[in-house]
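If you read the protein sequences in the order shown, they are chains B and A. If you use our numbering, the first sequence corresponds to residues 1 to 323, in order. If you use our numbering, the second sequence corresponds to residues 324 to 646, in order. Backbone N, C-alpha and C define an ideal beta-carbon position, used for all residues, glycine too. The block underneath contains the structure these notes are about, expressed in structure tokens.
2 protein chains.
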Amino acid sequence: MPASRARLVDVARLAGVSPATVSRSLNGNVPVNPQIVARVHAAAAELGYRRNKIASALRRNVSGLIGVIVPDVANPFYTEVVRGIEDTLRGAGYLLVLCNSDGNEEKQTEYLRLLADHQLDGVILAPATASLQKIEDAVGSGLVVVLIDRRVPGATVDSVTITNRDDARILTAGLLAGSKRIAHIGGPSRTSTAVDRAAGFMDAHVSAGIEPDPRLVIETDYSEQGGYEAMKALLDLEQPPAGVFVGNNVMTLGALRAIATMEPDAAPKIVSFDPLPWWASSLHPVTVGSHPSYALGTTAADLILLRLAEPEREYSEVVLTDG
Amino acid sequence: MPASRARLVDVARLAGVSPATVSRSLNGNVPVNPQIVARVHAAAAELGYRRNKIASALRRNVSGLIGVIVPDVANPFYTEVVRGIEDTLRGAGYLLVLCNSDGNEEKQTEYLRLLADHQLDGVILAPATASLQKIEDAVGSGLVVVLIDRRVPGATVDSVTITNRDDARILTAGLLAGSKRIAHIGGPSRTSTAVDRAAGFMDAHVSAGIEPDPRLVIETDYSEQGGYEAMKALLDLEQPPAGVFVGNNVMTLGALRAIATMEPDAAPKIVSFDPLPWWASSLHPVTVGSHPSYALGTTAADLILLRLAEPEREYSEVVLTDG
DNA sequence: TTGAAAGCGGTACCAA
DNA sequence: TTGGTACCGCTTTCAA
Chain B
1 MPASRARLVD VARLAGVSPA TVSRSLNGNV PVNPQIVARV HAAAAELGYR
51 RNKIASALRR NVSGLIGVIV PDVANPFYTE VVRGIEDTLR GAGYLLVLCN
101 SDGNEEKQTE YLRLLADHQL DGVILAPATA SLQKIEDAVG SGLVVVLIDR
151 RVPGATVDSV TITNRDDARI LTAGLLAGSK RIAHIGGPSR TSTAVDRAAG
201 FMDAHVSAGI EPDPRLVIET DYSEQGGYEA MKALLDLEQP PAGVFVGNNV
251 MTLGALRAIA TMEPDAAPKI VSFDPLPWWA SSLHPVTVGS HPSYALGTTA
301 ADLILLRLAE PEREYSEVVL TDG
Chain A
324 MPASRARLVD VARLAGVSPA TVSRSLNGNV PVNPQIVARV HAAAAELGYR
374 RNKIASALRR NVSGLIGVIV PDVANPFYTE VVRGIEDTLR GAGYLLVLCN
424 SDGNEEKQTE YLRLLADHQL DGVILAPATA SLQKIEDAVG SGLVVVLIDR
474 RVPGATVDSV TITNRDDARI LTAGLLAGSK RIAHIGGPSR TSTAVDRAAG
524 FMDAHVSAGI EPDPRLVIET DYSEQGGYEA MKALLDLEQP PAGVFVGNNV
574 MTLGALRAIA TMEPDAAPKI VSFDPLPWWA SSLHPVTVGS HPSYALGTTA
624 ADLILLRLAE PEREYSEVVL TDG
């Protein structure tokens, strides 16, 4: 095959048909004589023809590109989100354009403009701020927008978020199904996430008709050391818990360290809220029930693909519970 | 400003000049009467005009898009690389298209094709295999290729790698400065990285005039469990090492688990090759040899921008030492 | 079902 | 310096 440049007309010439027919044969959306289709495909193969998507994009006004703007892809939460998006988009033949905003609205705005200039089909945005105006500008510039992680009140766009309280409840309920003595290692109560997750922990107990043992509920900070010490304290109880719902990933690593030398069967089951990093712990498998970051990505990607396929559909606000 | 669609001709009409003049005024690469330039800019601003980069790309054959193919962006090493690339490209006005190959050559090939179809200007590739053919196909399809992390012998492209052997030597030398009993937990010898790092470990001993104790050199796989067991074995020696050079980040996490319950002062010092994730271990501080992943990204991005600006320049093989 | 031809929105050559 | 216009490569009417 020649180095690079076979165009549609070259295929047409070789196949002895018009460019229009080649286009139709290759796209397969319009009836074409099967024999001609075969001839066109043969010619295309012979020339190593590949469609120029830029030309196609200009004509059809569909670029096949979807942008993703997150604060920082180096934050493992967003890393997972991005990975989920990428996997889904790849399956649909779309390419992902990655942008880091650093939580900076200027950068975000700049990127939204640039993405629109490139005629991206859409953008999955973890908004830097709750500014409705920015979202509307983006939509006005022709981008299909799907919001993730945070919702922006009033925006008429699709969104995917996560339920802290409900997820915590479900995770806890999973542990309660195995034992009544379930503990919670939670983050600082000045954060809404910690409060919501602790509330979910309580909800599960109420639903199950179980009175939680206050000694099993430990508030600490969102640190590795905090998780470690909390777990140690739980293990030192005369009656240690059978399972522990740990409020975030960092604390989970500390909790894992605390049980590292225990027999896996003897150690409490651990359920972690946030996703653990890719390498995960092997000795004590952790149920990473929730905070479905990967699923957040795949769901957002699914939503944007749906809307591109059907622009007039109802806007949906998906709230993910567990992964 | 109108919702979205102002085109070049609209600006031309409003400014009372030809489309060609508008293009020239906006691009500023050809002399244009300053008064006209001002009028054009005013008209463009009034209409909220933004250049359609797809149309521009078709005509100029420059897309403003650069691809990045890594095995997995969720691996913190590549996460950092990608972040470095993105920061650099953004400064140059380029957009980054992110692709995960999962170390799978099929996926890599598929992506390379897709990127060429989209007329990307170039691709920064962490090759899944050392196949020269694949690289040449990519170059043949019009992509400017910059290799990272691994080199592919014989490929006439720019590349950025890291000094495995030298870095390992330096890291080990740091430990040897404190004690003569230094161990190495290395990866499988079928990988070039493991071989190079083990060689660097030896180099440091030779330089220091120290005969390494063979029992202190353990080959395992690049896994958490492997690192854990190797460290356990080292601790069980009648004379455990004072320091350990661990060959990658995953094994380091296993090694950390093995010493988790030890007093920090009693445990061997650990030096890790790859970067550890953001939350890192707190009890046993790890010296992380500065495997400059972020710099790897920025350097690769710089190289590709240089080549796009000057296609005929000499090919460079950059080898980064530390960050 | 197939072909001719008019764009999509800029860019750049050629002439003035 | 500026304008007219062909053209980048593909898609999609419109006619045949």
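For the alpha helix (DSSP H) containing residue i, name the first residue and the last one.
| i | result |
| --- | --- |
| His614 of chain A | Where His614 of chain A is concerned, there is no enclosing alpha helix (DSSP H), given that its DSSP letter is neither H nor E. |
| Ile408 of chain A | Pro399 to Gly414 |
| Ser224 of chain B | Note that residue 224 of chain B is Glu in the sequence shown, not Ser. Segment Glu224 to Asp236, the alpha helix (DSSP H) holding Glu224 of chain B. |
| Gly570 of chain A | Gly570 of chain A -> no alpha helix (DSSP H), and no H or E assigned at all. |
| Val206 of chain B | Ser192 to Ala208 |
Say whether chain A places a C-beta atom closer than 7 angstroms to the C-beta of residue i.
| i | result |
| --- | --- |
| Gln119 of chain B | yes |
| Ala138 of chain B | no |
| Arg7 of chain B | no |
| Glu86 of chain B | yes |
| Ala43 of chain B | no |
| Arg257 of chain B | yes |
| Ala260 of chain B | yes |
| Ala155 of chain B | no |
| Ala74 of chain B | yes |
| Arg50 of chain B | yes |
| Arg169 of chain B | no |
| Arg39 of chain B | no |
| Arg24 of chain B | no |
| Ser316 of chain B | no |
| Arg83 of chain B | yes |
Check whether the Cβ of residue i lies closer than 7 angstroms to any Cβ atom in chain B.
| i | result |
| --- | --- |
| Ser605 of chain A | No answer about Ser605 of chain A holds up, because its pLDDT of 47 lies below 50 and its placement is not dependable. |
| Thr432 of chain A | no |
| Ala343 of chain A | no |
| Glu635 of chain A | no |
| Leu435 of chain A | no |
| Asn423 of chain A | yes |
| Ala378 of chain A | yes |
| Leu418 of chain A | yes |
| Pro325 of chain A | With a pLDDT of only 48 at Pro325 of chain A, under the threshold of 50, the placement of this residue in the model should not be trusted, and no figure is reported. |
| Ile627 of chain A | no |
| Asp333 of chain A | no |
| Leu381 of chain A | yes |
| Thr402 of chain A | yes |
| Arg630 of chain A | no |
| Trp602 of chain A | Because the pLDDT of Trp602 of chain A is 48, which lies under 50, any placement of that residue in the model is unreliable, and the question is left without a value. |
| Val385 of chain A | no |
| Arg488 of chain A | no |
| Arg520 of chain A | no |
Residue i and residue j look like a contact to me (Cβ under 8 angstroms); what is the Cβ gap, rounded to whole Å?
| i | j | result |
| --- | --- | --- |
| Glu224 of chain B | Gly254 of chain B | 4 angstroms |
| Arg332 of chain B | Ala583 of chain A | No answer is possible for residue 332 of chain B: it lies beyond the span of chain B, which begins at 1 and ends at 323. |
| Gly227 of chain B | Val206 of chain B | That pair is no contact at about 25 angstroms. |
| Gly64 of chain B | Tyr94 of chain B | 6 angstroms |
| Asp274 of chain B | Phe77 of chain B | 7 angstroms |
| Arg473 of chain A | Pro450 of chain A | 6 angstroms |
| Tyr545 of chain A | Val573 of chain A | 6 angstroms |
| Asp539 of chain A | Ile493 of chain A | The sequence given here places Leu at residue 539 of chain A; Asp does not occur at that position. About 19 angstroms; that fails the 8 angstroms criterion. |
| Ala168 of chain B | Asp213 of chain B | No, Ala168 of chain B and Asp213 of chain B are not in contact; Cβ-Cβ is about 17 angstroms, not under 8 angstroms. |
Under DSSP, the beta strand (DSSP E) around residue i begins and ends at which residues?
| i | result |
| --- | --- |
| Ala326 of chain B | The structure shown does not extend to residue 326 of chain B, since chain B spans only 1 to 323, so no value can be given for it. |
| Ser595 of chain A | Lys592 to Ser595 |
| Gly509 of chain A | Ile505 to Gly509 |
| Val396 of chain A | Per DSSP, Val396 of chain A belongs to no beta strand (DSSP E) and is neither H nor E. |
| Leu216 of chain B | Where Leu216 of chain B is concerned, there is no enclosing beta strand (DSSP E), given that its DSSP letter is neither H nor E. |
| Glu640 of chain A | Glu640 to Leu643 |
Entirely enclosed alpha helix (DSSP H) segments - the region 15-69 of chain B, minimum 4 residues: 19-27, 34-47 and 53-60
Given 8 angstroms as the limit, is there contact between the region 39-56 of chain B and the region 13-25 of chain B, that is, 3 or more CB pairs closer than that? Here the region 39-56 of chain B makes contact with the region 13-25 of chain B; the two share three or more CB pairs at distances below 8 angstroms.
Is it true that the region 85-95 of chain B meets the region 291-303 of chain B, where meeting means three or more beta-carbon pairs spaced less than 8 angstroms apart? yes
Would you call the region 258-274 of chain B in contact with the region 229-242 of chain B, where contact means no fewer than 3 C-beta pairs closer than 8 angstroms? yes
Start-end ranges of the beta strand (DSSP E) lying completely within the region 93-175 of chain B, minimum 3 residues: Fully enclosed beta strand (DSSP E) runs of 3 or longer: 95-100, 122-125, 144-148 and 158-162.
Would you say the region 415-435 of chain A touches the region 387-397 of chain A, given that touching needs at least three Cβ pairs under 8 angstroms? yes
If you pair each beta-carbon of the region 113-121 of chain B with each one of the region 131-143 of chain B, do three or more pairs fall below 8 angstroms? Here the region 113-121 of chain B lies against the region 131-143 of chain B, with 3 or more beta-carbon pairs under 8 angstroms apart.
I'd like to know if the region 161-169 of chain B and the region 303-319 of chain B are in contact, where contact means that at least 3 CB-CB pairs between them fall below 8 angstroms. yes
Do the region 128-139 of chain B and the region 451-462 of chain A meet, that is, are 3 or more Cβ pairs less than 8 angstroms apart? no
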